[in-house]
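Written below as structure tokens is the structure these notes are about.
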Amino acid sequence: MALFKSKRKKDLRPSIAISRSDAFQNAAATLMANIRFCSVDKPIKTIVITSSAPNEGKTTVAVALALAMVRAGKKVLMVEGDMRRRCLQGMLDVRTPHGVHAVLSHECTAEEAIVATNDEGLFFLNAEGGIPNPEAIIDSQSFADLLKDLGEAYDYVIIDTPPVAAFSDAAVIASRVDGTILVAREGYTERAEAAYATDQLKASGANILGVAMNGKSAQAGSYGYYYDYYYEDKTVPANSPEAKAALQKDQA
């Protein structure tokens, strides 16, 4: 099922329900724990959520992760980093007077542009529609400085970006944050697309934390995700310890 067929709010309702479901929240709590353990010396605070292609559920995963964080008592900011196909405002059901462009243009402060959501501890910074040159904005030093300031003001900053294959935005923003999670969708994402996205992110200098597999079948429910570096195409002999271990894992 494609979660995003248009920009109309009614098409976002399945995504909202999925991100708040018990199965997704349990998986998101595990993902949050993995993020915390990714770096001991330098905590992961600013995080890009992206995918290789559209309709893989990256925004649903981003919202689920943010909700898990606030339920753990964290102060979280979600940033609309997809300036071409904005979904977060509809999913979070909020209205914003200003956006990222207004902040960077000094029309308002970040504090004036950021709004509280219906979930305590969760805040939102939108992006204006119809921005003529998003690439120039996200590639600016002002945007990098803004992300740094936001990372100091919140426990976590979650940035939803366009798919890697669609625009360079995700790779550019990923190079400016602490970590990046690539969302893939079971039975939908092509291995070649995931590999290409990974290469593009690595080339930009992004710190790839791993992959969140959306739509992974699980006993807890029909939606969930696991966290792994599944896209590394490694070939090993059939009788090797690695191959035997993988076979035993599949049969367990």
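Going by our numbering, the sequence shown wraps up at 331, each residue one higher than the last.
C-beta: ideal position from N, C-alpha, C; glycine also.
- A141 and D239 do touch by the CB rule: their CB atoms are close to 5 Å apart, below 8 Å.
- In this chain, the beta strand (DSSP E) harbouring S130 covers T125 to S130.
- Nearest Cα to A253 within the set D218, T196 and V179: D218.
- Within the stretch 235-261, complete alpha helix (DSSP H) segments of at least 4 residues are found at 248-253, given in chain order.
- With a cut-off of 8 Å on Cβ pairs, the stretch 100-113 is not in contact with the stretch 215-230, counting fewer than three such pairs.
- A250 is positioned such that its CB atom lies closer than 8 Å to that of Q279.
- Boundaries cannot be given for V173, as no beta strand (DSSP E) includes it and DSSP labels it neither H nor E.
- Take D228, set aside five residues on each side of it, and the residues of its chain with a beta-carbon closer than 8 Å to its own are A189, in chain order.
- Per DSSP, reduced to three states, the secondary structure at G230 is helical.
- For the options H185, L288 and V194, the alpha carbon positioned closest to that of L167 is the one of V194.
- A contact is defined here as three or more CB-CB pairs under 8 Å, and the stretch 116-126 fails this definition with respect to the stretch 162-182.
- For F202, the secondary structure class from DSSP, reduced to helix, strand or coil, is strand.
- Here the alpha carbons of M162 and A215 stand approximately 12 Å from one another.
- Contact check for E231 and V149: beta-carbon distance about 18 Å, past the 8 Å limit, so the pair fails to qualify.
- Taken through DSSP and simplified to helix, strand or coil, M111 comes out as helix.
- Leaving aside the five residues that flank A181 on each side, the residues in its chain whose CB is nearer than 8 Å to its CB run, in chain order, C187, A192 and E207.
- Remark: C-beta atoms of Y267 and S131 do not approach each other more closely than 8 Å.
- As DSSP reads the structure, R270 sits in no beta bridge.
- With contacts defined by Cβ atoms closer than 8 Å, I126 and G258 form a contacting pair.
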